Amino acid sequence: RRAAAATAIMTTDSVPKEAVFTGKDADGNEFTIGGMAKGAGMLAPGLATMLVVLTTDADVQAEMLDVVLRDATRVTFDRADSDGCMSTNDTVVLLASGASGAVPSAKDFGAGLTQVCAELARKLIGDAEGASHDIAIRTFNAASEKDAEIVSRAVARSNLFKTAIFGKDPNWGRVLSAVGTTDAAFEPDQLNVSMNGVQICRNGSIGEDRSLVDLEPREVLVEIDLNAGKAEATIWTNDLTHEYVHENSAYSS
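Residues in the sequence shown are numbered consecutively from 18, following the working numbering.
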C-alpha cells in the first residue's frame, strides 16, 4: 500500500520516492519515520510543485513535531533547487500516530527526521525533469550561513553554469560570475572553487588544469571556499538539458 501511494502521487516523476528511518528512545522502544515525495519540475521549495507526506509511530507532541519539522525542512527541502521555478502546491505534512509508544527526545527524533527528509530531497533532485547530473553546491568558510546559502543558490540558478555541467565543461568562470551577483562577504582574490575534488580556481585565478575534472559521473560536487568565516551551506540542483526544454515546451497547460 505504501508503494502504491507513492506511485499514485507522481506527475512527471519517473519513479516513486520513499525513505525510512528506524530508531529507539532512551528506554529501547523502537520507532519508525517514513516518507514519500513527488516533484520533478518547478522544484524550488518555498514554493514548489512538491508534495511530501511523512509519518511516524513515535509518541511525539504536536509542538515538538512543528519545531523539528521546520528545522529539518530548512536544511533539506528548502535547499533543493532544481530549476528555480515555483508553483503553489508546496506541501510537507508530518503525521504521528503514537502507536509504538516510543517517546524519543527532540534531538534523536529530529536527527532521524532530517535523515528521511534529506534522502527524499536528493531523490527529488535525482529525478528532476530531463536531468543528467545531480549537483551538490557546497559553499564553506562563509561569513554566515545565510551568505553560504545565497552563494550556493545563485550558482544553482545560473543557466550558464547548469548548461556547462550538461556539456561536461568544468567552467569555473561561470561559477564566479554567479557568486559575484550576490552580496555575500568575500574578497575575489581569496576565493577558491573545486569540482569533483579538483581545485580549478585558486585565489580567484587559475588553479589545477580543468581537464583533470571528470564530469562523466552523474554526481557532481562543486565546492566554493569564500575564505570569509566558518559557516557553510549546501544547495542541491541539477543540470539544464535538451530534455528539460522538450518536456516543458511540448505541451500547453
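Note that beta-carbon positions come from the ideal geometry of N, C-alpha and C, so glycine has one too. Since this is a predicted model, take the numbers as computed values, not measurements.
Taking the C-alpha atoms as reference points, what is the distance between residue i and residue j?
i	j	result
ARG235	GLY45	40 Å
GLU80	PRO121	14 Å
ASP256	THR180	6 Å
LEU232	GLY115	46 Å
GLU225	GLN207	16 Å
PHE38	ALA135	11 Å
ASP125	VAL262	42 Å
GLY8	GLY118	The first residue shown for the chain is 18 and the last is 270, placing residue 8 beyond what the model contains.
PRO187	VAL77	47 Å
GLY197	GLY221	11 Å
CYS218	ILE142	26 Å
VAL1	LYS140	Residue numbering for the chain in the displayed model covers 18 to 270; residue 1 lies beyond these limits and cannot be assessed.
MET53	VAL230	35 Å
Hey, residue i and residue j are a contact pair by Cβ (cut 8 Å); roughly how many whole angstroms apart?
i	j	result
ALA195	VAL210	Their Cβ separation, rounded to whole angstroms, is 11 Å, which puts ALA195 and VAL210 out of contact at 8 Å.
THR29	GLU264	7 Å
PHE48	ALA75	4 Å
ALA23	LYS34	6 Å
THR156	ALA43	Contact doesn't hold; Cβ gap of about 37 Å is too wide.
ILE167	THR199	5 Å
SER104	THR66	4 Å
SER149	THR258	6 Å
THR254	ASP98	5 Å
LEU137	ALA36	5 Å
Check this for me: beta carbons of residue i and residue j, under 8 Å apart or not?
i	j	result
ALA153	ALA57	no
LEU68	ASP100	no
GLY129	GLY190	no
ASP88	GLY127	yes
VAL70	ASP151	no
ILE241	VAL192	yes
Within its chain, find whatever has a CB closer than 6 Å to the CB of residue i; leave out the 5 residues flanking it on each side and keep chain order.
i	result
ILE50	PHE38, THR73, GLY129, LEU130 and VAL133
ARG227	PRO187 and ILE217
Go through its chain and collect everything with a Cβ distance to residue i's Cβ below 7 Å, but skip five positions before and after it.
i	result
LEU111	LEU71, LEU82 and LEU86
Leaving out five residues before and five after residue i in sequence, what residues of the same chain have Cβ atoms less than 8 Å from its Cβ?
i	result
ASN244	ASN158, PHE203, GLU204, GLN207, LEU208 and ASN209
Contact the segment 199-219 vs the segment 158-176: 3+ CB pairs below 8 Å: yes
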